[in-house]
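Taking the numbering used here, I'd label the letters of the sequence shown as residues 9 to 106.
Ideal Cβ placement from N, Cα and C applies to all residues, glycine included.
The structure under discussion appears below in the form of structure tokens.
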Amino acid sequence: MRIAAERIERLHDLARAAAMEDDQERARYYVRLARRVAERNRLTLPRKFRRFTCDDCDAYLRPGRNARVRLQDGHVVITCDCGSQARYPYEGDDERET
Ligand SMILES: [Zn+2]
């Protein structure tokens with residue numbers, strides 16, 4: 009279990025690094041891999057992972073680049089370039105699971 013969690017963590021970092029280099033295809037590849045590892049091990053993806061990836065197209069989201077972020081009624085609304093929207097309650101940086 010622990011090893012799987014560490015793999016997911018690492019894949020998240022790789023996805024972010026690829027996204028920073030504007031290599032969205034590579035970023036998607038890592039995002040998908042991480043999702044698969046999580047599924048196979050019945051793990052929940054870390055919150056930062058869920059927030060920075062698109063559920064529909066698996067893009068690693070970079071606000072201002074391939075995603076827009078708005079605050080609305082105490083929620084954070086993230087719109088991916090593919091049109092998919094995700095809403096999260098606005099809160100601090102604590103690691104509480106939602
Ligand atoms: Zn998307």
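Distance cut-off 7 angstroms: residue i Cβ against heavy atoms of ligand 1
| i | result |
| --- | --- |
| Asp-64 | yes |
Sequence-distant residues of the same chain with beta carbon closer than 6 angstroms to residue i, five excluded per side
| i | result |
| --- | --- |
| Leu-19 | Tyr-38, Leu-41 and Ala-42 |
| Phe-57 | His-20 |
Span of the alpha helix (DSSP H), counted from its first residue to its last, around residue i
| i | result |
| --- | --- |
| Leu-19 | 10-28 |
| Tyr-37 | 32-48 |
Test item: CB-CB of residue i and residue j under 8 angstroms
| i | j | result |
| --- | --- | --- |
| Asp-63 | Ser-92 | yes |
| Ala-23 | Ala-12 | no |
| Leu-69 | Ile-16 | no |
Cβ-based neighbour list, residue i, same chain, cut-off 7 angstroms, excluding 5 preceding and 5 following
| i | result |
| --- | --- |
| Leu-79 | Tyr-98 |
| Thr-87 | Ala-75, Arg-76 and Gln-93 |
Start-to-end residues for the beta strand (DSSP E) that takes in residue i
| i | result |
| --- | --- |
| Arg-95 | 93-97 |
For residue i, the nearest candidate out of the options (CA to CA)
| i | options | result |
| --- | --- | --- |
| Tyr-96 | Cys-90, Asp-89 and Thr-61 | Thr-61 |
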